[in-house]
Structures are given as C-alpha cells and as structure tokens.
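Asker:
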Amino acid sequence: MTVRGDLPPQTTTFIGRRAVLAETEALLRRSRLVTLVGTGGAGKTRIAVETGRALARAGAFQHGVWRVRLADLRDPAALSRTVAAELRIVDNSPEPGLKRLVESLHDKHLLLVLDGCEHLLEAVRHLAHHLLRDCEGLTVLATSREPLGVYGEQPLRVPPLSVDDAVELFLDRAEVPPESAGVATLCQAVEGLPLAIELLAALPTGVVAEVPQQPASLEQVLEWAAQQCTDEERRLWARLSVFPADFDLAAAEAVADADVRKPLSALVLRAVVATAKSSVTGETRYRLLGAVSQFGARLLTDADEPLRRHAVHYSGFVDEAARSWFSPGEALWMGRLWEEWPNVRAAVGHALRTPGLAAAGAGVAMNVQRARFTSFAGMLGEAWDMLVAARGVITEAPLRTSLLAHSAYMAQVRGDSAVAFPLMSEARALPRLPITDVHLVLAEATHLFFVEGSPDCVPLYAHVVELCRQYASLGDTYVTELMHAMASCFLLDAEAADKATTALARQAESNGVNWSHAWGLWHRGLYELLHGDAAQVHPLVIEALRIQLALGDTWGAPFSLWLLACTCAELGAFDRAARLLGALRSLERISRISFAGMSPFHRLLDRADRTVRRSLGDDYQVISTLGADLRPEQAMAFALEPVPDSERRPAKPLLPGGLTRQEFTIAGLVADGFTSKQIGTRLFISPRTADRHVVNIRVKLGLPSRVALAAWHRSVTGER
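Taking full-length UniProt numbering, the leading residue of the sequence shown gets 1, the next gets one more, and so forth.
So this is what it looks like as structure tokens:
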C-alpha cells in the first residue's frame with residue numbers, strides 16, 4: 001500500500017533491533033505517547049523511523065505517519081509552526097501555531113514522530129500535552145536523551161546492540177572488513193553503540209587493529225576519528241557544525257570559505273558526514289548527525305565567523321530566489337526553499353541577534369515573502385513572525401519603512417486591514433528610498449482596493465508598476481500588474497478590464513511560468529463573470545485550479561474556489577454553488593484568508609450567497625453544510641468536477657449593440673431612471689465607476705445623452 005506521511009528513505013541496511021521494534025509497536029498499541037530514550041548515537045532515530053515505516057505499511061494509522069526532525073530547530077518558540085509545516089498544515093495566521101495544529105489534527109488518526117526532543121524539552125512537553133489532550137486520534141512517538149515528563153508517557157530505554165548484531169553492523173559498514181577476530185571485542189568495548197560502531201568501521205583496517213580493546217565512550221571514539229583526520233578535515237568538521245540541518249556543497253564552501261571537495265569527501269568516507277540525494281535537484285546533500293555535530297562544535301575555537309558566513313550565504317540564497325521568481329525555474333526554487341528552510345530559519349534568527357547582521361536578517365524576512373514560498377507552502381504565519389522579529393530590531397529608516405510596508409501588504413492580502421493600517425501610518429511618516437516607495441505605494445493601493453473599493457487604486461497600481469520596472473525585480477513587477485488587472489476588473493469598465501486582463505494573461509503565457517499562467521486564466525475568468533459571459537468562466541478557472549493544485553499553491557486555490565462559487569450562483573447552478581460556498585467558508589478558516597476583509601470580493605460573494613439562499617430556501621443550510629464538512633482535498637476534487645448540463649445555462653447570445661452583460665444591465669437601470677449613485681449601490685461599484693460605464697456605453701452606441709440611452713434600451717427591449 002502507499003505509505004502516507006513523511007518518512008525518510010532507507011539509505012543503509014537496518015540490522016538487528018527486532019525485539020525493540022516489537023516492543024515499541026506493542027507500547028504504541030497501549031499508549032498514545034511512547035518515548036525512545038537513550039544516549040546520543042544509540043539508534044533512537046532509526047528505530048523510530050523503522051517502527052513508523054512498519055506501522056504505515058500495515059495501515060495502522062488512517063492519516064499516515066509523519067516525522068518531524070527537531071534537531072534542525074533551535075528556537076523553541078517556532079516548534080508549533082515547524083510541526084505544522086512538516087505535516088503540510090496551512091498556517092497563515094499571525095497567532096501562535098498550536099491552535100492551528102489542534103484545529104487540523106483534532107479529527108485525524110495519525111502517528112507523529114517527534115525526533116530529537118532533548119534540547120526543546122519544555123516546549124515539546126507543552127506541545128505533546130495539548131495535542132494528546134485535544135486530538136483523540138493522535139499518537140506520539142518521541143526520541144530523546146531523557147523522558148518528556150508528560151502524564152501517560154511510556155518511556156522505553158533503547159538497549160545496545162547485541163554482540164552478533166553489532167558485529168554484523170560493523171562488517172556491513174566497513175569498507176574492507178578486517179580479518180581480525182577482535183571485531184566482537186571492539187564492539188563490546190563501545191557497548192554496542194551503533195554510531196560508535198559505524199565510526200570505527202570507517203577507520204582504515206590498520207587503525208582499527210590499533211584501537212584499544214577496552215571500554216570506550218562515544219566521545220572517545222569521536223576523538224579517535226578526529227585524530228585520523230588531517231588539520232584541514234578537522235577544521236571543516238568544526239565549521240560544518242554550524243549547520244542546523246542538511247546542506248549542499250555550495251553552502252559548505254561558503255561557510256568554510258574554501259574549496260572543500262577533498263576534505264568533505266574524506267569526512268564522508270570516515271562516516272563523520274552522512275549523504276543523501278536531493279529530491280529537488282538530484283545533487284548530493286550532506287549532514288552531520290547530532291552527536292557528531294556537537295563534537296564538531298567543541299572543536300570550533302570561534303563560532304562567530306562560520307555563523308556569520310552561514311547567515312550571509314542564506315541571505316544571498318533567498319535574495320536570488322526572490323529575484324528568480326517569475327521565471328521558468330520558479331517551481332525549482334519553491335522546492336529548494338523548502339529543502340533549505342531550516343537553514344534559512346536559523347540564518348534569520350542568528351542575523352537578527354548579531355550586531356552588523358541585522359540588515360541581512362531583515363532582508364531575508366522580506367525576501368521570503370517576495371519569493372512567494374511562504375504563500376505557496378501555507379507558511380505565512382512563520383513569515384509574519386520573521387517580519388515581527390525584524391521590526392523589533394530594525395529601528396532606523398529606510399529599512400524599517402520597507403519592513404513596515406511589507407508587513408502591511410501581507411496583512412492586507414489576508415484581509416486584515418485592522419493590522420495593516422497602523423503599519424502603513426508609521427511607514428508614511430518615515431524617510432524612504434525609491435525602492436521603499438515600491439512596497440509602500442503597493443500597500444497603499446491595496447488598502448484603497450480591498451478596504452475602500454475605490455477606483456483610485458487603479459492609477460496608483462499603474463504607478464507602482466512603473467516604479468517596479470525601474471527599481472524592482474520582474475516578479476515584483478508581475479505581482480503589481482496582477483493587482484492592477486484585478487482592480488481594473490472589479491472597478492473599471494469592460495474595455496479597461498479586458499485590456500488589463502488580456503495583457504496579464506499574454507505576459508504569463510509568453511514567460512512560460514505556470515504560477516502566473518494560472519493567475520492569467522483566473523483573471524480572464526473574473527473578466528467573463530463581471531463583464532462578459534459567465535458560461536465561459538468555468539473552463540478557465542478549472543484550468544487555473546488544476547495548475548495551482550499541481551504546484552502545491554495553497555494560497556491561490558481558495559481564490560479559484562471563490563470564483564467558481566460566484567460563477568455557479570450566476571449560472572443558476574444553485575446546489576453546486578451552495579456546496580462550494582460552504583467549502584469556501586471552511587477553506588477561509590483553514591487558510592486564514594478573509595474575503596470579508598476584501599470589499600470587492602466580499603460584495604460579490606455576498607450577492608452570490610443571497611441569490612443562492614433565496615433560490616434554495618430551507619435546503620440552503622443543509623447543502624452548504626455538506627460543503628463545509630469536506631476536507632480541503634475533497635473540496636478541490638468537487639470543484640474540479642464538470643458542471644452537469646442540467647446545471648448549466650446555455651451561453652448567452654450577443655446582446656443588442658454589442659454590449660456586455662453588465663453594460664446592458666446598466667443601460668436598463670438608466671432606462672429605469674437610476675442615478676449613477678443608485679446604479680453603484682445596486683451593482684456594488686462606486687458612483688464614479690458607474691458614471692464611467694454610462695459614458696462608455698453611450699460612446700459605443702453613438703448616443704448623445706442618458707435620455708437617448710434610456711430610449712434606446714426601451715426600443716430594443718420592446719418596453720414603453
């Protein structure tokens with residue numbers, strides 16, 4: 001069967017441990033919290049992973065087995081966000097992540113493997129207590145050098161390998177198995193500790209023969225291994241200890257400030273450094289296991305410089321990701337950012353704590369937003385935490401101005417204007433550079449669009465586009481063009497909306513970028529709903545949604561669901577619309593996107609909801625609840641289903657005068673004596689926009705006045 005979860009692949013043979021595996025499985029059947037306890041190098045992680053793999057294959061947990069590697073995490077405050085990210089739980093809320101975890105896991109039946117808890121005991125204890133209390137289907141398997149101390153915990157001390165298993169492990173890992181019969185004695189000397197045995201097995205045969213046949217600790221084995229290294233290899237071992245997680249060759253060379261290929265290969269052969277192939281790039285990635293990394297840190301005489309180089313390297317990495325967005329390689333960058341996220345997180349934390357590096361840390365906090373990674377991955381909560389931390393350190397303009405503007409924009413696109421407004425107010429009062437203007441004016445335009453629904457945002461967006469072309473990246477420019485097209489569609493006439501959305505779609509298609517192509521399709525769908533033929537919306541948005549789901553875009557998918565719900569209401573597919581509206585409400589809560597905080601979206605959604613309620617009567621609540629009860633993946637599958645012909649209205653014929661549906665409606669309201677203000681109220685647009693529509697309709701029809709327009713409408717409809 002397919003194993004659901006996130007367990008690492010096997011790269012070496014698993015030897016022995018049958019009894020402890022069986023005991024761990026038996027304890028997990030009786031207890032919801034089992035902790036594998038043992039010293040560093042005892043094999044706790046491997047036992048936990050193999051236990052999880054066996055249980056996943058057996059289908060013991062409906063929602064899978066998920067491992068969270070806590071050795072990568074150095075900030076206890078980020079624990080909940082880290083667990084959410086590893087479980088692929090959308091966490092866009094500015095609030096702490098534990099509540100979001102409970103919301104997502106309360107009805108799940110899964111095994112959560114918390115691997116390497118000893119340096120985060122208090123935080124893990126708090127997390128485990130709340131998850132086990134509030135999520136009845138959750139079971140936790142932890143690894144730690146000491147018990148967690150949570151009520152109901154079943155600690156299991158990991159025993160040493162038996163002599164036979166230890167010898168088998170040594171012979172399996174040794175490059176050239178020694179002929180000496182002293183292997184068993186050697187394995188007993190290190191008390192059957194798997195990591196120590198693997199380190200000894202990596203020593204040259206002649207050196208192994210010289211190792212004293214007497215009890216030795218892991219520390220002593222590490223010292224023997226270090227003694228066999230050259231000075232260059234020991235220096236590299238020490239410097240690599242600053243990595244909290246796995247890394248690639250470029251990062252190793254940046255931190256070591258040298259060509260490290262030769263010493264790095266030697267450390268791999270000595271079993272000091274473990275390797276694995278990247279699932280994103282296919283290149284080799286490297287890692288120091290916990291005890292080995294800790295020993296390396298003790299070899300490091302001065303950690304400041306390697307840590308500085310680590311922060312600078314990942315600052316440059318994220319900056320390149322931000323500049324590379326809106327290119328054919330953007331999907332690759334999303335994968336690379338996910339792979340490097342523990343290093344990025346650590347780099348931001350160190351930089352913001354270190355004099356002289358705070359600006360680099362603030363740059364990373366802003367660039368992860370510009371790279372769109374945290375939007376894609378549903379990790380805006382952690383991105384927000386980074387911006388908050390940076391604002392707490394950066395007090396001087398213009399960098400603080402940029403941080404405030406980025407923060408305000410992030411709050412606005414979540415629909416949280418109450419948070420955004422004071423940030424914008426502070427930013428306006430501070431000095432700024434042209435590049436700062438890009439972000440501040442973007443935030444101001446988005447306030448006019450989402451909060452006030454004012455067409456004044458459109459020329460402001462156009463101004464930001466010009467600023468972006470001078471001072472910002474292609475990705476920043478495209479996002480601003482996207483917002484300009486969206487605002488044009490909602491707030492301007494059909495001609496302006498058609499021009500803006502067509503240009504956006506063509507640009508995305510010519511650039512060969514899937515993410516932007518999806519938004520180009522989405523905007524054409526929005527245009528058809530507001531200004532054209534609603535029957536044309538469905539294929540456009542379905543294709544956009546397919547792309548978003550294939551990319552793992554957790555941010556764009558709710559907007560596509562919103563557009564489908566509004567379209568179904570317009571087409572008279574009321575049952576489907578009600579179910580989509582229910583699903584959308586649940587998705588808003590999960591994604592922390594508030595369409596109620598984006599007035600143009602809210603007005604259209606409210607109109608759709610009232611139409612469907614009026615049409616379905618008492619059935620509305622029942623049907624919408626069916627949608628609300630769908631899990632996100634079920635809601636998306638339902639949204640992708642073709643609309644049956646029985647639910648679909650035929651495409652509308654061309655209207656008199658070549659007018660769009662909205663233009664013909666406005667002409668009818670003019671004929672009924674409506675003022676521009678009254679038209680705006682009826683159609684949820686501003687009076688100025690209504691006025692512009694009336695003028696454009698008159699120009700299109702060649703009519704001199706509103707009176708003539710009213711007479712024309714009555715003549716083509718046969719009214720008197």
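Just so you know, even glycine gets a beta-carbon here, dropped at the ideal spot from N, CA and C.
Quantities reported herein were computed from a predicted structural model and do not represent experimental measurements.
Going by C-alpha distance, which of 74, 616, 226 is nearest residue 272?
Answerer: Nearest of 74, 616, 226 to residue 272, Cα basis: 226.
Asker: Quick check on the burial criterion: 16 or more other C-beta atoms within 10 angstroms. Buried or exposed for residue 640?
Answerer: Residue 640 is exposed by the Cβ-count criterion.
Asker: Out of 584, 715, 283, 700, which has the shortest C-alpha to C-alpha gap to residue 566?
Answerer: With distances taken between Cα atoms, residue 566 lies closest to 584.
Asker: Out of 135, 686, 535, 17, point me to the one whose CA is closest to residue 456's CA.
Answerer: Of 135, 686, 535, 17, the residue nearest in Cα terms is 686.
Asker: Using a threshold of 8 Å, state whether the C-beta atoms of residue 7 and residue 54 are closer than that.
Answerer: Taking 8 Å as the Cβ cut-off, residue 7 and residue 54 do not qualify as a contacting pair.
Asker: Specify, as a first and last residue, the run of the alpha helix (DSSP H) that residue 505 falls within.
Answerer: Its alpha helix (DSSP H) spans residues 494-511.
Asker: Inspect the beta-carbon positions of residue 571 and residue 608 and report whether they are closer than 8 Å.
Answerer: Taking 8 Å as the Cβ cut-off, residue 571 and residue 608 do not qualify as a contacting pair.
Asker: Going along the chain, which residues of its own chain have a beta-carbon closer than 7 Å to the beta-carbon of residue 620, five neighbours each way excluded?
Answerer: Only 578, 612, 613 meet the Cβ criterion.
Asker: So residue 245 and residue 343 are supposed to be a Cβ contact under 8 Å. How far apart are they, rounded?
Answerer: Correct: roughly 6 Å between the Cβ atoms.
Asker: Count the other C-beta atoms from every protein chain shown that fall within 10 angstroms of the C-beta of residue 756, then say buried if there are 16 or more, exposed otherwise.
Answerer: In the structure as shown, the chain starts at 1 and stops at 720, and residue 756 therefore has no counterpart that could be examined.
Asker: Check whether the Cβ atoms of residue 358 and residue 393 sit closer than 8 Å, and answer yes or no.
Answerer: Yes, Cβ-Cβ distance for residue 358 and residue 393 is below 8 Å.
Asker: Flag residue 594 as yes when its Cβ comes closer than 7 Å to any non-hydrogen atom of the ligand SAM, and as no otherwise.
Answerer: You won't find the ligand SAM in this model; it holds no ligand whatsoever.
Asker: What number of angstroms, rounded off, separates the C-alpha of residue 605 from the C-alpha of residue 562?
Answerer: Taking the straight line from one Cα to the other gives about 8 Å.
Asker: Let's see if you can read the secondary structure: which residues bound the alpha helix (DSSP H) around residue 626?
Answerer: First-last of the alpha helix (DSSP H) with residue 626: 619-628.
Asker: Using the three-state DSSP reduction, which class does residue 62 fall into: helix, strand or coil?
Answerer: The answer is coil: DSSP assigns residue 62 none of H, G, I, E or B.
Asker: How close, in whole Å, do the beta carbons of residue 90 and residue 378 come, if the pair is a contact with beta carbons under 8 Å?
Answerer: So it is a contact: roughly 3 Å between Cβ atoms.
Asker: Apart from the five residues on each side of it in sequence, which residues of its chain come closer than 6 Å, Cβ to Cβ, to residue 307?
Answerer: Correct list, in chain order: 242, 350.
Asker: For the alpha helix (DSSP H) containing residue 670, name the first residue and the last one.
Answerer: Unbroken alpha helix (DSSP H) run through residue 670: 661-671.
Asker: Suppose the cutoff is 7 Å on Cβ atoms and the five residues either side in sequence are ignored; what does the same chain contact list for residue 313 look like?
Answerer: Around residue 313: 251, 254, 255.
Asker: Report all residues from its chain with a CB closer than 7 Å to the CB of residue 334; omit the five preceding and five following residues, and keep chain order.
Answerer: Within the same chain, residue 334 has close Cβ partners 373, 376.
Asker: Determine the closest residue to residue 154 out of 25, 638, 688, 84, with distance taken between C-alpha atoms.
Answerer: The option with the nearest alpha carbon to residue 154 is 25.
Asker: Can you look up residue 304 in the DSSP assignment and give me helix, strand or coil?
Answerer: Helix at residue 304.
Asker: So, using beta-carbon positions, are residue 401 and residue 446 closer together than 8 Å?
Answerer: It is not a contact, given that the beta carbons lie outside the stated cut-off.
Asker: Where does residue 276 fall in DSSP's three states?
Answerer: Residue state, collapsed to three classes: strand.
Asker: Measure the C-alpha to C-alpha separation of residue 560 and residue 710 and round it to an integer number of angstroms.
Answerer: Approximately 37 Å, taken between the alpha carbons.
Asker: What is the DSSP secondary structure of residue 10, reduced to helix, strand or coil?
Answerer: Residue 10 falls in the coil class under three-state DSSP.
Asker: What would DSSP say about residue 155, mapped onto helix, strand or coil?
Answerer: In the structure shown, residue 155 sits in a strand (DSSP, three-state: E or B).
Asker: Hey, which unbroken runs of the alpha helix (DSSP H) at 4 residues or more fall wholly within the segment 525-596?
Answerer: You should have 537-551, 556-571, 574-591.
Asker: Relative to the C-alpha of residue 230, which residue among 248, 216, 264 is closest?
Answerer: Per the Cα distances, 264.
Asker: Let's see if you can read the secondary structure: which residues bound the beta strand (DSSP E) around residue 98?
Answerer: Looking at the DSSP string, residue 98 is not in any beta strand (DSSP E); the run it does join, the alpha helix (DSSP H), is 98-105.
Asker: Would you mind stating whether residue 423 and residue 441 have Cβ atoms separated by less than 8 Å?
Answerer: For residue 423 and residue 441, no; Cβs fall outside 8 Å.
Asker: Alpha carbon to alpha carbon, what distance is there between residue 121 and residue 397?
Answerer: Taking the straight line joining both Cα atoms gives about 39 Å.
Asker: Work out the CA separation of residue 292 and residue 586 for me, nearest whole Å.
Answerer: About 46 Å.
Asker: Per DSSP, what are the beta-bridge partners of residue 286 in this structure?
Answerer: 247, 275, per the DSSP bridge assignment.
Asker: For the segment 127-138 and the segment 158-171, state whether three or more C-beta atom pairs, one from each stretch, are separated by less than 8 Å.
Answerer: They do not touch, by the three-pair rule.
Asker: Can you tell me the Cα-Cα spacing of residue 408 and residue 419, whole angstroms?
Answerer: Using only the alpha carbons, I get a separation of about 7 Å.
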